[in-house]
Amino acid sequence: MPNLLIPIENTYDSVTRTVAKSIVDNVLKISRIDKSTRVEIRGETQQATQPGSELDGNNPDLRLMHDGRVIVSFRETYVDSEVINAEVRHPYAQPIFADPSIGIHIKPVYSNTEMELNFTYRAKSKQEAMVWRDDVKIRMGDNRQSHLHEADYHFPVPNFCSHLIKHIYDLREAQAGYGDTLGQYLQAHYTKRAKVLTNQAGDMNHSLLVIAEKQLGIQGWYDFDLPIEEEKQEDGPSYLIQFNYKFSYHKPVHLNVVYPQIVHNQLISPEFIVKKERTEDPLSLPNYKSDYRFALDHFDLLARIPKRPLGGMCVPDYDEWLPEIVLPYTSTFITWMVVFSQKNMKLALDESDILGINFHPLVLTYMQEQGDKMVALGRSPIHFGIFRGREAVSDGVLKINVTEAAFEVETTEHVNLRENYHMRMSFCTEIEKYTEEALESLHENGYVALMLFQSVANRLDVEHAVANYMSEDGKLSREYIKRFFNLLREQKYGNVDSPRGDNNNNLYPSESWLSDDSSFGFKFDRHYVEILTILADNRNQVT
Amino acid sequence: MPVPSLQNMDTSVKTPEVEPVTIQPPAYKSAVVDTSTVRIDLLTTYVAGQAWDVDYFSLVRGQDDDSRTFESSLHPVYQQYKLIKGMELKVTSPLQSSQESSTKDFELSGSANVYGVIIPKVGDVFLADIGDGREGLVSIRSSKKLSHYNSAVYEVEYGVTRLGDTTLRAELEAKTVQTVVFHKDFLEGGADPMLSEDQTVSVNNLKEHYGRLIQLYFHDFYSRQYKSLLVPNQQVVTYDPFVVRFLKKILTTEDHPLMRHLTSFNVEGDQSMYELTLWNCLDVMDDALLTMAVHKAGIADVDIFFNARPTLNSIYYTGVRAVIYPKMSPTDVDNGYCYRDMPVMEKLIRGKARFREFNRLCRTDLDLDPTLEIYEAVSPKRTAQIKRVTVDEYYVLSEAFYLHTPEVKLSKLEKLTLDALKGNAIDVQMLDELCTGALKWDNVERFYYFPILFVLLRVYRRRIK
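Residue numbers (my numbering), protein chains in the order written: chain B, 599 to 1141; chain W, 1459 to 1923.
Here's what the structure looks like:
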């Protein structure tokens, strides 16, 4: 699921100035400054506009030197302590758009912002100035120097979100739709605070979707210790008072957009799919590093966070799906993003999907032989399972049709087109889950078994195995198979050296598959499948 | 007396007060301030500086909005402009360019005076030719009002911030919420110089119509034999003293050189020739006069001017055979004492089509063509441009015009005439349409309606809708 951060544009006009205006109005009310006094919130130009050039007709065309006036300029900074540790993809943030049935939501990301307002108050008379000063002094004495404010503002929704929602709506209605109009869909899933702004001409071609918000509990305080003294203005009756007021608020700066790659079993448009660059193995890159740096390469590789925690390979390669849980005792080889069509609501993987993977011919033949055994855990080393959304569907809903060139995977019942489905091919890692027949098939098909083993444990020395544990007719010795599974078990549970120290348990007869506890005596350092040697064009092919 | 009567205000005679002309208005010396506005728009057209025509984008802002200059990435909702096309700046110091020595960047700046019809402010921008055939985006850096009067000139300083291209035009267009066109000649006439783009097209047409119609009028109706204007297509040579009198009043030799040869025949021997007509109403633009004016008229034989009174150059001897004569009982004082008989009158004859007469016929069915809508409306939803002069006995315009009630539908010409008389706004698009169609009107209609159009083409400037 793409999980993106989209910056919000135009926040200076929509958020910063409107918040400043809300607080300024509130401060003036608290300060008992005459309501008719003209308030100017200076912007980037730092100068007043020409009288009469504003839309509001109440302002006089002529302003004089000693009229009452409040001039406010402001500066916005981030709160130091919250620059690095700000919450970004907060799970409990209120979404502005959410459609859980599809799996899309948009949440604003806030950043704690401090604002300093510089007031220049020109009082019309000594009397007005004194009232202000006395009032502030008494407030301080009464421990009411700081105040809680409410601020009204809005922020625009970037075009990306609108395009995305429109596209998802189109897909939602194109297959297994609900019959909603776009308007109904938006109304149902956008917050009720969504509004549309337009210009003075009412031109809807240039309209803007915005989210209105009211922020509560913004604490502000007079930033001085002593009430500021007024200064007499020369040649007139007015007095100047300059003071600062500070507050901090949460400014919406980004939108966190999470959306699915499949809507109603249709792939979304490529423009909304995030394709990540393939990372090369740093050890194999043709670059120069200092000798000291070379020494660290090995650890770099070990410390590298896997691109895909699930391991294995995903088809298509941009699929970002992660299941909540997989079947225990399995190791992922391949996952497919599956899209069912209305024509055939059962066919999960067709012949060309299987052939597209380019399995090694031996493996493919082996899988054809295994057939329906592959959809029940333990009846075959290879297991096919289907997932609805992020949850696994238990065994018994799949069947395999073997065809001439490969095979097909089908569900036994029709699927729900409004859900997302994934197929997973895995390897069963626990020998106790296997049937006798399945283990025998590994023994019979030695080369296939080695390819499967090497896919699970990439560093397995298969050449050694071919030389020492393989019979001439291609059978892999039972001993080797037992040891391999013990290696996997040891990997899972840690050191399982038997307290008897002989690595041979006596619980089972020696011909049993479970009689031996010995292993190769090493652990592999990568805990997930990285290289699939069961594929035909792999560089680590088995002989 | 059961009904109380108020004192009749009109009967109390007041001595008219004639104010002496003063150089300084009396309010200047007084402590009391006159609250009425001093209109000095007319004077502010004489502003120092060289004319520079620019496309001016005036920022539309509310009190709390920021006034940053043009930002291309800012959404059109947050930055809106009113475009004034062809705004004239009076440049006081032309664009000076200087190159910064370290960065090699150019700075272009200058200053100009701006007519008080707009209030320039920081945040405004304009597109202008900055020389070399290039267009530049110029931002206002400072603006200063040069006097405290309501109408004052502003001084602005500006600098070029960006070179113009199609992208810039498109961005500015997206942010434009209103477009008007600046007409300097309107400003000089004391009228609002900002017209919409549609109106500009019409107004430019109207300027052409005026000269064209006068030219055509004298070409068609000036008789070189009689040295006056004659009513066309009548059975005998017919003269309308009222039209000629009116045209001599409103037109000068600057309008047409033949004005100096236009003779007004002496018809004053007859008292009825002093009656008020529609033309007097148009002259003073007063619709109240219309009720007192003569409504009906006919054609009287010139013999009635051969009477017992000695008259110099009487029309009787000019060769004119008939005269347009008022067909309503006179109301003058002389008639009260010495009743005059109404002469025998004939009706005006419907004129011929212009093209038919001049044998330059392109189409024969012009006057019948309903699509042109020239004469009669073909459906109740459509309004005729004009009615025929001969539609009824009423002088020039129809009964519906003289006895107008709101539910009666007037022709477009009558509607505009009534609007002009009442001082209402005049629809310039409609006037433009009339003047365009006027060339195809029949002879009698052209003879009588053109003088009305001359008046409308003069007054519309102060009355644009």
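Quick reminder that beta carbons are idealized off the backbone N, C-alpha and C, glycines included.
Three-state secondary structure assigned by DSSP to residue i
i                       : result
residue 1111 of chain B : coil
residue 1048 of chain B : helix
residue 1893 of chain W : helix
residue 803 of chain B  : helix
residue 1847 of chain W : helix
residue 1737 of chain W : helix
residue 928 of chain B  : strand
residue 660 of chain B  : coil
residue 1582 of chain W : strand
residue 721 of chain B  : strand
residue 1919 of chain W : helix
residue 1826 of chain W : Note that residue 1826 of chain W scores a pLDDT of 49, beneath 50, so its modelled location is shaky and nothing firm can be said.
residue 1134 of chain B : coil
residue 986 of chain B  : strand
Under 8 Å between C-beta atoms of residue i and residue j
i                       : j                       : result
residue 1917 of chain W : residue 1736 of chain W : no
residue 616 of chain B  : residue 667 of chain B  : no
residue 803 of chain B  : residue 1533 of chain W : no
residue 561 of chain B  : residue 717 of chain B  : Residue coverage of chain B in this structure runs from 599 to 1141, which leaves residue 561 of chain B outside it and unanswerable.
residue 1576 of chain W : residue 650 of chain B  : no
residue 1892 of chain W : residue 1871 of chain W : yes
residue 1021 of chain B : residue 919 of chain B  : no
residue 731 of chain B  : residue 825 of chain B  : yes
residue 1635 of chain W : residue 1538 of chain W : yes
residue 972 of chain B  : residue 981 of chain B  : yes
residue 1033 of chain B : residue 988 of chain B  : no
residue 862 of chain B  : residue 1016 of chain B : yes
residue 859 of chain B  : residue 772 of chain B  : no
residue 1437 of chain W : residue 1655 of chain W : As displayed, chain W neither begins before 1459 nor continues past 1923, which places residue 1437 of chain W out of reach and without an answer.
Distance cut-off 7 Å: residue i Cβ against heavy atoms of the ligand HEM
i                      : result
residue 916 of chain B : Of the ligands one can find in the structure shown there are none, so the ligand HEM has no counterpart to examine.
DSSP bridge partner residues for residue i (one or two, in chain order)
i                       : result
residue 638 of chain B  : B:669
residue 818 of chain B  : B:745 and B:845
residue 977 of chain B  : None; residue 977 of chain B has no bridge partner.
residue 1634 of chain W : W:1539
residue 1617 of chain W : W:1567 and W:1597
residue 1652 of chain W : W:1640
residue 1025 of chain B : B:929 and B:980
residue 1852 of chain W : W:1754
residue 763 of chain B  : Per DSSP, none; premise fails for residue 763 of chain B.
residue 752 of chain B  : B:810
residue 1947 of chain W : The structure shown does not extend to residue 1947 of chain W, since chain W is modelled only from 1459 through 1923, so no value can be given for it.
residue 912 of chain B  : B:933
Buried versus exposed, by CB contacts within 10 Å (16 or more), residue i
i                       : result
residue 605 of chain B  : exposed
residue 767 of chain B  : buried
residue 1591 of chain W : exposed
residue 1552 of chain W : exposed
residue 1683 of chain W : exposed
residue 941 of chain B  : exposed
residue 891 of chain B  : exposed
residue 1513 of chain W : buried
residue 1671 of chain W : buried
residue 1084 of chain B : buried
residue 1792 of chain W : exposed
residue 1131 of chain B : buried
residue 1750 of chain W : exposed
residue 1062 of chain B : exposed
residue 1875 of chain W : buried
Exercise. Check each residue of the stretch 1624-1642 of chain W: if its Cβ is closer than 7 Å to any Cβ of chain B, include it; give the result in chain order.
Key: 1632, 1635 and 1636
Practice problem: Mind checking the stretch 690-711 of chain B against chain W and listing, in chain order, the residues whose C-beta falls within less than 9 Å of any C-beta there? | Solution: none
Quiz item: For the stretch 637-655 of chain B, which residues have a CB atom closer than 7 Å to at least one CB atom of chain W, in sequence order?
Solution: 639, 641, 642, 643, 645, 647, 648, 650, 651, 652, 653 and 654
Quiz prompt | Near-chain B residues of the stretch 1502-1522 of chain W (beta-carbon distance less than 9 Å), N- to C-terminal order | solution = 1516, 1517, 1518, 1519, 1520, 1521 and 1522
Quiz item: Which of the residues in the stretch 789-801 of chain B, read from start to end, lie with their CB under 8 Å from any CB of chain W?
Solution: 795, 796, 797, 798, 799 and 801
Quiz item: Which residues, in chain order, does the stretch 746-757 of chain B contribute to contact with chain W at a C-beta distance below 7 Å?
Solution: 754
Practice problem: Identify each residue in the stretch 1597-1616 of chain W for which the Cβ-Cβ distance to at least one residue of chain B is less than 7 Å, and report them in chain order. | Solution: 1601, 1603, 1606 and 1608
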